[in-house]
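Q: Below you'll find the structure I mean.
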Amino acid sequence: MCIFCEIVSGNIPARIVYEDDQVIAFLDVAPTSYGHTLVVPKQHVESFLDCPEELLDHVMKVAQELANRLKNNLNCDGINVLTNVGEA
Ligand SMILES: [Zn+2]
């Protein structure tokens, strides 16, 4: 089971900031920036590249909502939205 699925199943604790039937969002344990939040599908996918289209649409909609909340609440100058594929 991957680390995200471990978090979804509750085996690994996380500071969850959003959850619905398809998506969970939580604070990164080793943040690279202020407000570093991970938004992941509850269904296991290897990466962004093989995420089903409708699920990807929902993940991005939630990411947009959370990014707007972060921007408004942290009064930051900008937001980075990115995804990692593979170890590189
Ligand atoms: Zn997984």
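Quick note: the sequence shown uses our numbering, first residue 32, plus one each step. Ideal Cβ positions, reconstructed from N, Cα and C, are used throughout, including at glycine.
For L113, which option in Q95, N104 and L105 has the closest C-alpha, if you only look at C-alpha atoms?
A: Against the sequence shown, residue 113 aligns to sequence position 82. The option with the nearest alpha carbon to L113 is Q95.
Q: Distance, Cα to Cα, A45 vs I34?
A: The residue labelled residue 45 in the question sits at position 14 within the sequence shown. The residue labelled residue 34 in the question sits at position 3 within the sequence shown. Roughly 11 Å between the two C-alpha positions.
Q: By the DSSP assignment, the alpha helix (DSSP H) with F35 in it spans what residues?
A: As a working note, residue 35 is residue 4 in the sequence shown. Where F35 is concerned, the enclosing alpha helix (DSSP H) stretches over I34 to V39.
Q: How would you write the range of the alpha helix (DSSP H) that L86 sits in, first residue to last?
A: Position 55 of the sequence shown holds residue 86. Note, L86: alpha helix (DSSP H), E84 to L105.
Q: To the nearest angstrom, how far is it from the Cα of L105 to the Cα of G66?
A: Stepping through the sequence shown from its first residue, residue 105 is reached at position 74. Stepping through the sequence shown from its first residue, residue 66 is reached at position 35. Distance between the alpha carbons of L105 and G66: 8 Å.
Q: Is it buried or exposed for I47, if we count other Cβ within 10 angstroms and need 16 for buried?
A: Here the question's residue 47 lines up with position 16 in the sequence shown. I47 should be labelled exposed.
Q: For L87, which residues in the same chain have their Cβ closer than 6 Å to its Cβ, ignoring the five residues on either side in sequence?
A: Looking up residue 87 in the sequence shown gives position 56. Excluding positions up to five away in sequence, the list is empty.
Q: Measure from the alpha carbon of G109 to the alpha carbon of each residue in D59, N99, E118 and V116, then state which is nearest.
A: Counting from one through the sequence shown, the residue named residue 109 turns up at place 78. It is N99 whose Cα lies nearest to the Cα of G109.
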